[in-house]
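Just remember that my numbering sits 803 ahead of the position in the sequence shown, which is counted from 1. What follows is a set of notes on a single structure, which appears directly below.
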Amino acid sequence: MGAARRLSLGHSCTYSQALNQSILLKPFSLSSFKAEFFTRSILKKITLLSLLFCVLYSCNKSIEIGTPIAYLQLEQTTLEIADVATGLDIPWDVDASISGELWFTEQKGLVYRLNLKSGEHKLMLQLEDVLFRKSYGLLGMTVHPEQNYLFIHYTYQANEGELQQSVNSRVVRYDIEGDKLSNRLVLLDNIPGNSYHNGSRLVISPDDKLIFSMGDAGRANETQNDDILVGKIMRLNLDGSIPEDNPIAGSPIWSRGHRNPQGLTFGRNNMLYSSEHGPLSDDELNLIERNANYGWPDVHGFIDRTAEIAYNETHNTTEPLMAWTPTIAVAGTGYYDQSAIPEWQNSLIVANMKGRALRVLNLSENGREITAEHIYFQKYFGRLRDVSIAANGDIYVTTTNTDWHPRFQPWMYDGLPSGPDRILRLRAIDKSNKVDTLPVLIEDDKAMDLMSENWTNAVGEEEFAGGQKLYTQNCLACHNPEGTGAPGLYPPLAKTNWVTGDKSRLIRVLLLGLSEPIEVNGETYNQEMPSYAHLSDQQIAEVLTYIRNSFGNQADAVIEGEVFVERQSLDK
């Protein structure tokens, strides 16, 4: 946010308050400290002028935040695109349910409340036990528009301190009391998690229930098992109890057969819609109905393959309203029915990450069909994570360009916007109020071509040679040229799950070292191993790739991005 926008001269005329509103939501760094010092000196001068302004005029009114950066021209309506928050780090959720406020999260476990009039933002919650990296973290948030409740869903480590992490997640409710949260209440706990597909989204239903989506957590076959809460959309009373009219007595399950739902929203006639990630094909937009089965892992998208048709004969699978191949990484979804933008009335607005766009899906009158698809902003703002729609018709969209994905699949993107993430506001305005110097965007005429998500992590010759050299320099003395180790002293690297199994654990061993006994292939070893955290992410990736593909081992490569997120989680 620019200093002029962060200063709310009409709201506050004290130097300390003006200065607090100028501080960006970002961690301390020397460069940012110098910039902030410079900003403070400038702000002193600005504040003197603002005090004079207050004396001469009045400071009773608030100046609304939102710096216009572009416009979107629809057939009739002109939309102003403005920044309402910048300097963010993976803003996962945004919620405009409460008038005049914007609640949003950062994946690392932070919840903020932004006053949309004054621009004042407040850190409302900092989770101490959140497990954050890659697909872990604070993954769901919503606020109740009337009852002053905040609901969140986040991952945590169930076996704290162990290299082999056991990941669970929980749903928690807080009371909103003025400027603080209180009365923490755990609604669901010990939900199985994984390094991927933890979902999720939360939304309040028109009949005052909490709706919660959960991905399959790497347990695809359990999405059809009603005894395990993965691959499900769930329905709870606001106190965590089970509604009496749920399809299974005593169970929160509302629907099953989901891979990784990323958006939840209610439309007309209490219809619930969900956007869901597919594998390499068939991202889905689903109409969620009571006790329905959406087919994963046996049905991908529409029921149009021989095996899917056979499966459906015995499982009565519900097809999506729409599916995308190749996948566009559908994300947060909102329902628009306000009069401010007539072209978008009775439509779903869906954020796309891989597709780097905002999609508007026009619905039929009964809400059971998608009649048209419109694509906006392709590549312009990069990856878009979430959408929330205020009662007055304003639309809030979060970017997610600072997350892990580009490090894992650099071939996927031909360029992402630099700098921190932001929250954008789309608002209908009078065309005569446009600033002529700002760009005017229009609807994209077609979907851009997307690269394949190739997750094979093949071992390249150059990386293998680099890893061999690093092994000779750092590992050979203890583990021997053939990776056999030394009985009773140093464990073997050949044909052991410690090497070819969980990559996260293996990376953490190199970053942290070992000082406790471990068991390898049935034998206990109790020699200290030093940390190799001084090696770069690329060097650790290369040496581990070499080890995982030598000495009779055969496993996929470790890539730099995987080391990066493990190191990042340890530095938290």
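Note that the Cβ used here is the ideal one computed from N, Cα and C, for glycine as well.
Under the three-state reduction of DSSP, which class applies to residue 1279: helix, strand or coil?
Numbered from its first residue, the sequence shown carries residue 1279 at position 476. Correct three-state label for residue 1279: helix.
Once the 5 residues before and after residue 1287 are set aside, which same chain residues still bring their CB inside 7 Å of it?
Within the sequence shown, numbered from 1, the residue matching residue 1287 stands at position 484. Answer for residue 1287: 1295 and 1297, listed in chain order.
For the candidate residues 1303, 1066, 1325 and 1125, whose alpha-carbon lies nearest to that of residue 1357?
Counting from 1 along the sequence shown, the entry for residue 1357 is found at position 554. Among 1303, 1066, 1325 and 1125, the Cα nearest to that of residue 1357 belongs to 1303.
Starting from residue 1165, trace the beta strand (DSSP E) in both directions and tell me its first and last residue.
Locating residue 1165 in the sequence shown gives position 362, counting from the first residue. Counting along the chain, the beta strand (DSSP E) containing residue 1165 begins and ends at 1160–1166.
According to DSSP, is residue 890 part of a helix, a strand, or is it coil?
Position 87 of the sequence shown holds residue 890. Three-state result, residue 890: strand.
Once you ignore the five residues that flank residue 1011 on each side, which residues in its own chain have a CB closer than 7 Å to its CB?
For the purposes of this step, residue 1011 is identified with residue 208 of the sequence shown, where counting begins at 1. 1041, listed in sequence order.
Please report the straight-line C-alpha distance between residue 1307 and residue 1223, rounded to a whole angstrom.
Counted from its first residue, the sequence shown places residue 1307 at position 504. Counted from its first residue, the sequence shown places residue 1223 at position 420. So the alpha carbons of these two residues sit roughly 27 Å apart.
Where are the beta strand (DSSP E) runs, 3 residues long or more, that stay fully inside the segment 944–984, in chain order?
952–960 and 970–980
State the Cα-Cα distance for the pair residue 928 and residue 1109, rounded to the nearest angstrom.
To locate residue 928, count along the sequence shown from 1; it is residue 125. To locate residue 1109, count along the sequence shown from 1; it is residue 306. Answer to the nearest angstrom: the Cα atoms are 50 Å apart.
Pick from 935, 1033, 1353 and 1049: whose alpha carbon is nearest that of residue 959?
Within the sequence shown, residue 959 is the residue found at index 156, counting from 1. Answer by Cα proximity: 935.
My output table needs one value for residue 1182: the three-state DSSP class, helix, strand or coil.
As a first step, residue 1182 must be located in the sequence shown, where it is residue number 379. Reduced to three states, the DSSP call for residue 1182 is coil.
Mapping the DSSP letters down to three states, classify residue 1022 as helix, strand or coil.
Locating residue 1022 in the sequence shown gives position 219, where the first residue counts as 1. Three-state DSSP puts residue 1022 in coil, outside helix and strand.
Tell me which residues share the same chain as residue 1249 and place their Cβ nearer than 6 Å to its Cβ, disregarding the 5 neighbours each side in the sequence.
Along the sequence shown, read from residue 1 onward, the residue named residue 1249 stands at position 446. Around residue 1249: no qualifying Cβ.
Based on DSSP bridge pairs, tell me the residues matched to residue 1007.
Residue 1007 sits at position 204 when you count from the first residue of the sequence shown. BP columns for residue 1007 point to 1013.
In three-state DSSP terms, what is residue 878?
Along the sequence shown, one-based indexing puts residue 878 at 75. In the structure shown, residue 878 sits in coil (DSSP, three-state: anything other than H, G, I, E or B).
Within the same chain, show all residues whose beta-carbon is closer than 6 Å to that of residue 1127, passing over the 5 residues directly before and after it, in chain order.
By 1-based counting over the sequence shown, the position of residue 1127 is 324. Here the set comprises 1086.
Using a Cβ-Cβ cutoff of less than 7 Å, which residues in the same chain neighbour residue 861 once the five nearest sequence positions on both sides are dropped?
Along the sequence shown, one-based indexing puts residue 861 at 58. In this predicted model, residue 861 has a pLDDT of only 33, less than 50, meaning its place in the structure is not dependable; the value taken from the coordinates is given anyway. Cβ within range, chain order: n/a, list empty.
Of the choices 1334, 1219, 1153 and 1352, whose alpha-carbon is the least far from that of residue 1064?
Position 261 of the sequence shown, counted from the start, is the residue given in the question as residue 1064. Ranking 1334, 1219, 1153 and 1352 by Cα distance to residue 1064 puts 1153 first.
Less than 7 Å between C-beta atoms, sequence neighbours within five positions excluded: which residues of the same chain meet that for residue 1146?
Start at 1 with the first residue of the sequence shown, and residue 1146 comes out as number 343. Here the set comprises 877, 878, 879 and 880.
Using the Cβ count rule (16 or more neighbours within 10 Å means buried), how would you classify residue 911?
Reading the sequence shown from its first residue, position 108 is the one you call residue 911. Buried: at least 16 other Cβ atoms inside 10 Å.
Rounded to whole angstroms, what is the Cα-Cα separation between residue 1186 and residue 1093?
As a first step, residue 1186 is located in the sequence shown; it is residue number 383 there, counting from the start. As a first step, residue 1093 is located in the sequence shown; it is residue number 290 there, counting from the start. For residue 1186 and residue 1093, the distance between alpha carbons rounds to 32 Å.
Taking only the alpha-carbon atoms, compute the straight-line gap between residue 1007 and residue 946 and give it to the nearest angstrom.
Indexing the sequence shown from 1 puts residue 1007 at position 204. Indexing the sequence shown from 1 puts residue 946 at position 143. Spanning the two alpha carbons is a distance of roughly 8 Å.
Relative to the C-alpha of residue 1194, which residue among 907, 1180, 1354 and 1142 is closest?
On the sequence shown, residue 1194 is found 391 positions in, with the first residue counted as 1. Of 907, 1180, 1354 and 1142, the residue nearest in Cα terms is 1142.
Count the other CB atoms, across all protein chains shown, that sit within 10 Å of the CB of residue 834; report buried if there are 16 or more and exposed otherwise.
Here residue 834 refers to the residue found at position 31 when the sequence shown is read from its first residue. Residue placement at residue 834 cannot be trusted, given a pLDDT of 36 that sits under 50; the coordinates are not used to answer.
Anyone know if the C-beta pair for residue 1157 and residue 1173 falls short of 7 Å?
If you number the sequence shown from 1, residue 1157 lands on position 354. If you number the sequence shown from 1, residue 1173 lands on position 370. Taking 7 Å as the cut-off, the beta carbon of residue 1157 is found no closer than this to the beta carbon of residue 1173.
Give the DSSP-derived three-state secondary structure of residue 1153 in the structure shown.
By 1-based counting over the sequence shown, the position of residue 1153 is 350. In this structure, residue 1153 counts as strand in the three-state DSSP scheme.
Leaving out the 5 sequence neighbours to the left and right, which residues in its chain are closer than 7 Å to residue 1366 when beta-carbon positions are compared?
The residue you call residue 1366 lines up with position 563 of the sequence shown. Excluding sequence positions up to five before and after residue 1366, its CB lies within less than 7 Å of the CB of 1310, 1340, 1343 and 1344, all in the same chain and listed in chain order.
Leaving out five residues on either side along the sequence, give the residues of the same chain with a beta carbon under 8 Å from the beta carbon of residue 1285.
Numbered from 1 along the sequence shown, position 482 holds the residue referred to as residue 1285. Once the five neighbours on either side are set aside, the close Cβ partners of residue 1285 are 1297 and 1354.
With 16 as the cutoff for other CB atoms within 10 Å, does residue 1020 come out buried or exposed?
By 1-based counting over the sequence shown, the position of residue 1020 is 217. With 16 or more other Cβ atoms within 10 Å, it is buried.
Going by DSSP, name the residue or residues bridged to residue 1293.
The count along the sequence shown starts at 1 and reaches residue 1293 at position 490. BP columns for residue 1293 point to 1289.
How many angstroms separate the CA atom of residue 902 from the CA atom of residue 962?
Taking the sequence shown and counting its residues from 1, the one referred to as residue 902 is at position 99. Taking the sequence shown and counting its residues from 1, the one referred to as residue 962 is at position 159. C-alpha separation (whole angstroms): 41 Å.
Residue 1092 lies in the alpha helix (DSSP H); which residues open and close that run?
Position 289 of the sequence shown, counted from the start, is the residue given in the question as residue 1092. Here residue 1092 belongs to no alpha helix (DSSP H), and DSSP marks it neither H nor E.
Taking the C-alpha atoms as reference points, what is the distance between residue 1014 and residue 1036?
Here residue 1014 corresponds to residue number 211 of the sequence shown, with the count starting at 1. Here residue 1036 corresponds to residue number 233 of the sequence shown, with the count starting at 1. So the alpha carbons of these two residues sit roughly 7 Å apart.
Where does residue 1311 fall in DSSP's three states?
Here residue 1311 corresponds to residue number 508 of the sequence shown, with the count starting at 1. In the structure shown, residue 1311 sits in a helix (DSSP, three-state: H, G or I).
Considering only their Cβ atoms, is the gap separating residue 974 from residue 990 smaller than 7 Å?
Numbered from its first residue, the sequence shown carries residue 990 at position 187. Numbered from its first residue, the sequence shown carries residue 974 at position 171. Yes, these two residues count as a Cβ contact at 7 Å.
What is the DSSP secondary structure of residue 1355, reduced to helix, strand or coil?
The residue given as residue 1355 occupies position 552 in the sequence shown. Three-state result, residue 1355: coil.
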